[in-house]
Every structure is written in C-alpha cells, then in structure tokens.
Ligand code: GP9
Ligand code: MN
C-alpha cells in the first residue's frame, strides 16, 4: 500500500540539497545530448600509452567543460543498462541481474519522462538490436518517445567491427536523426566500439596498442582512442549543423572496461600494484558537462552516476524537491563528498571503504576500520531504500502522494 515509502521519503528529503543558484536554469530550453561512452575509465584521461595521448579530443574538451575527476560508475551485472538506469532514475541498479529485465514494468519518473512533460522530445540512439538489455520495453517505462536502433542505421560489414556499427559511422548517421527531431530534444547516444574484446581494424588504429602479454589491456587503448576521435568528429558535425550552441553535452563512462582479471597488467601500466584500494579508484569514469557559454572547470567532489538526474534537471531549471532521487545535484554547494558502489563499497573525501577494509586516500594504506564506520550506515541505507523502491514498485504509490501534496499547496 505504499506505507513503506514514508521512511524512504523522509530519508530522501533529509538528503536533498538545494541547487546552486548561479547554475539553476542556466541551460533552460536547451537540447540535451547525453553520451554514454562504452567501457571508458578515468585513468585514460590526460594519460599516454607509448608516449601518445589516449584521449586527445577529450583532454581538450574538458578544458572548456565542467570535468568531474572523482566520479564513479555504480553498475553491477546489468552493465550498460545499469548505467542507463542509474543515470536517468537516480536509483541504484540491483545487486544481481539487470533491473532493465527484472523490473521493466515498474512505475518510474525518469529524466526522459520529466523532460517530456516539460516540452522536450526524448530519444535514445544506439545501433544495436532494440531488444538487447530489454531496452525496447524499458524505454517505454522511462518515457522515451523514440528509440533509433538497428533498423535506423545503415550497418554493413565495411562500417562495422566487434559488436556492430563503428562509433564514427554511428555518430555521422545519427546527425540526420538529430536534425529531424523536434526541438528541444533530449537525446542519449550509446557508443559501442570500445567494448570488450576491443577489436579494431588497421585503418582505425590512431595509436598503437600497449605492449604487454595481455591482449585485452593492450587493445583497450586504441579503441578508447578511436571513440575519442568519433566524439571529436561528432562535435565538429554538431557545430556545422548549428546544434552545438543550443545543446548541453554530457559525456560519461558507463562502467569499467578492464576487469580485475587484468590487475597484474594494469599494475604494470599504472606503475603501482592494484590493491583493493586502487581497484576501487579505478571505478572512476569520466564525466564531462559542457554548457554553452560556461568556462571550463575541474570539480573533484566525490560523486557517482546516481547524481546525474538532479544535476541535469536543475541545469534546465526543473525543480527536483519532490522527487525520490538518491543522488544530489553535482553543482550544489551543499553536495557532500560521498558515493556508494553497488557492492557496498563507498568513497568519501578522505577514505575508501571496500571489502570490509578502510583505506586512507592520502596514502592508499589500510587504516582502522572504525574510521570508515560513521559512513557505513548511510551507505547501507542508500542501497536498501533504493532496492525497496524497485522491489516494491513503490513509485506507483508516490504519484498519488505527490498529487495530494500539490493540491494542498494550492489551498
Ligand atoms: C549493447 C551495449 C553494450 O547494446 O550497450 O552492453 P554492455 O555489454 O556493455 O552492457
Ligand atoms: Mn557497456
């Protein structure tokens, strides 16, 4: 009957942080271009392999954008679909399985639905079979009006590699779709080329692989570099089409690309042993928020994918005070340094807690577990409350609550 929602609502209300007044509504009415970068981790940013830049375009782009260098992915088995779920609902994915499959019939209040109510056209673009990750079904629940999937792209042998259409061709062909969309639009692009096992044709090798006995790690760098090139060309095309100045561009990494199975080689590349502490820090993925007219700035606040929904809505001038969002606007002055990963690990300004061990970020060394203790309860609550919302499909009750509150306000 929704009575479970009371505690959750109280929790969420207590954690609400008011938006930064300098940025609230700064991008009102602008298009939103959200780009999910497949398997891209933060360690490639401003880094080199064989002396060559891995992400030359992004390294430049972040200079004219807000760049979050302590932003973590929070996905589990649902991989890309988990990232989509977390980013657009400000709820956590599930610890097992993929919520896109198990709870696609739930009531949600996702970013596309909210924006649609605010006059936006909403679309997801991804050159894969529409039913992969159950997207075709879940997208209806999230409020997408249009899913440009495989049949909307010209996919041939000579423009495909690995999982499908190469990113450069994907973005180029997507321009026609963007042009036909009603404005303003909210468009999500999901890249694919930098997907395990990181295959690439000779002609697309902008940099040479890393040199080790580990083929996966070696080949990761050229495919990241390839997607970086695809993003560069896409931004150029947006400029040519006059879409760049009217759009907020948000680029984020969906989840890790290099699993723990490759710790040894990663340790060689990074020049440091991959301890559980380092491994947790490797769960950082890039987050770049480009707002026309705003100067570049790097923000090091600890944050996660859960924070994107309120961040985007506030930039567009949409209030989130009554939402059941577990994240916080990244630009809010009151945003605390804290994020929880799906396995229960958490990160604060000074500490990393993982595998029941507390680490000091200034040294990377293990410290007394009690130091991390004050944050453990919050980490546990976050995940448990979010799980309750999903398992109980509680948002279907919240809609009623909300309309009641609004009626009362009007009195
Ligand atoms: C498939 C793409 C990749 O459509 O999103 O999925 P992943 O394996 O990364 O979850
Ligand atoms: Mn993915």
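Residue numbers (UniProt numbering): 216 to 626.
C-beta atoms are modelled at their ideal positions from N, C-alpha and C, and glycine is treated no differently.
Keep in mind it's a predicted model, so treat the numbers as computed, not measured.
- By the neighbour-count criterion, in which 16 or more other beta carbons inside 10 Å mark a residue as buried, residue 417 falls on the exposed side.
- Of 320, 406, 305, 538, the smallest CA-CA separation from residue 249 is found for 406.
- Looking from the CA of residue 401, the closest CA among 345, 338, 376, 422 belongs to 338.
- Contact between the region 322-336 and the region 495-506 is absent, with fewer than three C-beta pairs closer than 8 Å.
- The C-alpha of residue 423 is placed about 55 Å away from the C-alpha of residue 219.
- The region 454-535 is shown to contain whole beta strand (DSSP E) runs of 3 or more residues at 462-468, 502-505, 512-514, in chain order.
- When DSSP states are grouped into helix, strand and coil, residue 414 belongs to the coil group.
- In this structure the region 470-477 does not touch the region 451-462; the number of beta carbon pairs closer than 8 Å is below three.
- Contact annotation: residue 290 and residue 439 have beta-carbon atoms that are not nearer than 8 Å.
- Per DSSP, residue 370 lies in no alpha helix (DSSP H) and is assigned neither H nor E.
- Around the beta carbon of residue 263, fewer than 16 other beta carbons sit within 10 angstroms, so the residue counts as exposed.
- The DSSP-derived three-state label of residue 575 is strand.
- By the neighbour-count criterion, in which 16 or more other beta carbons inside 10 Å mark a residue as buried, residue 462 falls on the buried side.
- Secondary structure at residue 395: helix, using DSSP grouped into helix, strand and coil.
- Contact between residue 539 and residue 227 holds, with the beta-carbon distance rounding to 5 Å and staying under 8 Å.
- The DSSP-derived three-state label of residue 374 is helix.
- Residue list for the ligand MN: 253, 254, 294, 295, 469, 470 (CB closer than 6 Å to any heavy atom, chain order).
- One thing to note: residue 493 has its Cβ within 8 Å of the Cβ of residue 579.
- Ranked by how close their Cα comes to the Cα of residue 585, the residues 597, 568, 318 have 568 in first place.
- The beta carbons of residue 458 and residue 246 sit about 7 Å from each other, so the pair counts as a contact at 8 Å.
- Residue 543 counts as buried, since no fewer than 16 other beta carbons sit within 10 angstroms of its beta carbon.
- Segment contact: the region 349-364 against the region 554-562, fewer than three CB-CB distances shorter than 8 Å; contact not assigned.
- With contacts defined by Cβ atoms closer than 8 Å, residue 274 and residue 319 do not form a contacting pair.
- Relative to the non-hydrogen atoms of the ligand GP9, the Cβ of residue 407 comes within a distance shorter than 7 Å of at least one.
- The beta carbons of residue 410 and residue 253 sit about 5 Å from each other, so the pair counts as a contact at 8 Å.
- Within the region 273-331, the runs of alpha helix (DSSP H) that reach at least 4 residues and sit entirely inside it are, in chain order, 294-304, 314-317.
- Per DSSP, the continuous alpha helix (DSSP H) segment holding residue 352 begins and ends at 350-357.
- Note that the C-beta distance between residue 287 and residue 562 is below 8 Å.
- Distances from the CB of residue 288 to the heavy atoms of the ligand GP9 are all 7 Å or more.
- Judged by their CB atoms, residue 321 and residue 521 are not nearer to each other than the 8 Å cut-off.
- Among the bridge pairs identified by DSSP, residue 251 is matched with 405, 467.
- For residue 361, the three-state secondary structure derived from DSSP is strand.
- In the DSSP assignment, residue 561 falls within the beta strand (DSSP E) that extends over 561-563.
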